[in-house]
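Numbering (UniProt numbering), first residue to last: 1 to 199.
Read the structure below first, then the notes.
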């Protein structure tokens, strides 16, 4: 067991589920999203952009690096430690092909989403009564590529009034909690002949 296994983002040894651990999905996804946007950043820069403490960002950046999802970016010494999305395949330990870093980011984000969903299913009975239901739904609609983009934009606009609450805690109304908002729009591909035969 390493020091990282025993130390929380706030520097205290704690084996219980801390508040920081419960929001690890939110923090790590935000860090990965920001790295995909800007290329490289330090924990201090991430903290300034995301509104978290630099210690919390440093902790989660190190955890992401430990699992091979990000790596240290080349730099010319100094105390600043910049990070970037991994250029290597974490499973094979080999350099990733062009565009693979973005694909790995997408895979990791979806994995974190699925992990959070399974945690919710397993623990929702422990939530306060008013938080024991969810709004999960799915649908299939026949759309053109342009219409699919328009639907995605409508969803983004609907969420826009709430986005600043992540960086501005005082803007959150009483009783507000972090809620996972996951939208995936993708075309359903036809089954191949082999798949049809297996069915």
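The C-beta atom is built at its ideal place from N, Cα and C for all residues, glycine as well.
For clarity, every value in this text was computed on a predicted model and none was experimentally measured.
Check                                                                                                               : Outcome
Exposed unless 16 or more other CB atoms sit within 10 angstroms - verdict on residue 186                           : exposed
Residue 27 classed as buried or exposed, judged by whether at least 16 other C-beta atoms fall within 10 angstroms  : buried
Unbroken beta strand (DSSP E) run spanning residue 132, endpoints                                                   : From DSSP, residue 132 is part of no beta strand (DSSP E); its letter is neither H nor E.
Sheet register partners of residue 29 (DSSP bridge)                                                                 : In DSSP, residue 29 forms no bridge with anything.
Residue 41 vs residue 35 beta-carbon contact at 8 Å                                                                 : yes
Which listed residue (45, 115, 50) has its alpha carbon closest to that of residue 83                               : 45
Boundaries (first-last residue) of the alpha helix (DSSP H) holding residue 85                                      : Not the alpha helix (DSSP H): residue 85 falls in the beta strand (DSSP E), residues 83-85.
Bridge-paired residues (DSSP) for residue 70                                                                        : 85
Residue 167 vs residue 51 beta-carbon contact at 8 Å                                                                : yes
Close beta carbons around residue 135, own chain, < 6 Å, minus the five adjacent residues each side                 : none
Distance CB(residue 65)-CB(residue 71) smaller than 8 Å                                                             : yes
Local conformation of residue 192 per DSSP, three classes                                                           : coil
Cβ contact (3+ pairs, closer than 8 Å) linking the segment 176-191 and the segment 151-167                          : yes
Continuous alpha helix (DSSP H) stretch holding residue 155: start and end                                          : 145-159
Sequence-distant residues of the same chain with beta carbon closer than 8 Å to residue 148, five excluded per side : 185, 187
Buried versus exposed, by CB contacts within 10 Å (16 or more), residue 86                                          : buried
Spatial distance of residue 165 from residue 143 (CA atoms)                                                         : 32 Å
Cα-Cα separation, residue 139 to residue 129                                                                        : 28 Å
Rounded C-alpha distance that separates residue 120 from residue 68                                                 : 26 Å
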